[in-house]
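Chains as they are written, first to last, in the working numbering: chain A, 1 to 118; chain B, 119 to 231.
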């Protein structure tokens, strides 16, 4: 079974600071990796995903994440955060299959609340 | 529709009662998922449908929980004999296929008193 661990429960930054949110997963096979964001009062939205290929993936709003297979990690980064990035961020993993397929359910981490002060 | 729609948005029920939560997926999406999110936690998988059939129901916590998707579109999550521990936000998501991006609804906040 898969599991996901997010290192920080709450991160507080000032605008223009750099961000890195840690995510480690546990699963023995091929994985697909995701970061979702939930802005206050809104539904979960996909920030970025990794299925295969270049381990550095770029998502919306200037976010990127790097898949390091040897460390079972998929950390989220942004060079300069904005007040509007205040939200809860969830890392998730899905069992992957051959040819870029994947199977069903997402397993989520417990989430990291990011607060950005203007 | 434009997105995944869940009704009701809020539901308060008494312990021991039966509740039904509805999910309207994005039109044409064959895969549908239910998750449960407790306070301070990430979403926890409950069940996944591919078409009309439950492809994976391993996340349902016990036999009080049941879900259906009779025509491969709308799904209903049913909870019998509700308990206070069932209080959570129940999320529904859909995707064009198991490999594709899952789009989430706003959720139904269930409170059992």
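Cβ atoms here follow ideal geometry from the backbone N, Cα and C, with glycine treated the same way.
Keep in mind the model is a prediction, meaning the values are calculated, not measured.
Three-state class that DSSP yields for residue 227(B) in the structure shown:
Position 109 of the second chain, counted from the start, is the residue given in the question as residue 227(B). Looking at residue 227(B) - three-state DSSP - the assignment turns out to be strand.
C-alpha gap between residue 136(B) and residue 42(A), whole angstroms:
Here residue 136(B) refers to the residue found at position 18 when the second chain is read from its first residue. Here residue 42(A) refers to the residue found at position 42 when the first chain is read from its first residue. Using only the alpha carbons, I get a separation of about 27 Å.
Leaving aside the five residues before and after residue 229(B) along the sequence, list all residues of the same chain whose C-beta is less than 8 Å from its C-beta, in chain order.
For the purposes of this step, residue 229(B) is identified with residue 111 of the second chain, where counting begins at 1. 128, 129, 130, 131, 205.
Proximal residues to residue 175(B) (C-beta, below 6 Å), its chain only, five neighbours per side dropped:
Indexing the second chain from 1 puts residue 175(B) at position 57. 165.
Quick one: list the residues of chain A neighbouring residue 159(B), beta-carbon separation under 9 Å, in chain order.
As a working mapping, residue 159(B) is identified with position 41 in the second chain. Result: 108, 110, 111.
What did DSSP end up calling residue 196(B) once you bin it into helix, strand or coil?
Numbered from 1 along the second chain, position 78 holds the residue referred to as residue 196(B). Strand, per DSSP.
Looking at the C-beta of residue 171(B), does it have a partner C-beta in chain A at a distance below 8 Å?
Here residue 171(B) refers to the residue found at position 53 of the second chain. No - not a single Cβ of chain A is within 8 Å of the one on residue 171(B).
Should residue 13(A) and residue 21(A) be called a contact, given that it needs their Cβ atoms to be closer than 8 Å?
As a working mapping, residue 13(A) is identified with position 13 in the first chain. As a working mapping, residue 21(A) is identified with position 21 in the first chain. It is not a contact, given that the beta carbons lie outside the stated cut-off.
Are the CB atoms of residue 124(B) and residue 223(B) nearer to each other than 8 Å?
Translated into positions along the second chain, residue 124(B) becomes position 6. Translated into positions along the second chain, residue 223(B) becomes position 105. Cβ atoms of residue 124(B) and residue 223(B): closer than 8 Å.
Could you tell me the distance, in whole angstroms, from the CA atom of residue 62(A) to the CA atom of residue 193(B)?
Here residue 62(A) is taken as the residue at index 62 of the first chain, counted from 1. Here residue 193(B) is taken as the residue at index 75 of the second chain, counted from 1. The alpha-carbon atoms of residue 62(A) and residue 193(B) are separated by roughly 35 Å.
Can we say the region 135-155 of chain B touches the region 208-218 of chain B, given the rule of at least three CB pairs closer than 8 Å?
yes
What residue from 15(A), 45(A), 1(A) has the CA that sits closest to residue 31(A)'s CA?
As a first step, residue 31(A) must be located in the first chain, where it is residue number 31. Answer by Cα proximity: 1(A).
Where residue 111(A) falls, given that 16 or more other Cβ within 10 Å makes a residue buried:
Along the first chain, one-based indexing puts residue 111(A) at 111. Buried, since its Cβ has 16 or more Cβ neighbours within 10 Å.
Proximity test, Cβ basis, 8 Å: residue 214(B) and chain A:
Numbered from 1 along the second chain, position 96 holds the residue referred to as residue 214(B). No, because no Cβ of chain A sits closer than 8 Å to the Cβ of residue 214(B).
I need the DSSP call for residue 101(A), collapsed to helix, strand or coil.
Walking along the first chain from the start, residue 101(A) turns up at place 101. The predicted position of residue 101(A) is uncertain, since its pLDDT is 48 and thus under 50; a value taken from the coordinates is nonetheless stated next. Coil, per DSSP.
On the criterion of 16 or more Cβ atoms from any shown chain inside 10 Å, does residue 99(A) qualify as buried, or is it exposed?
Numbered from its first residue, the first chain carries residue 99(A) at position 99. In this prediction, residue 99(A) scores a pLDDT of 48, lower than 50, which makes its location untrustworthy; no coordinate-derived value is stated.
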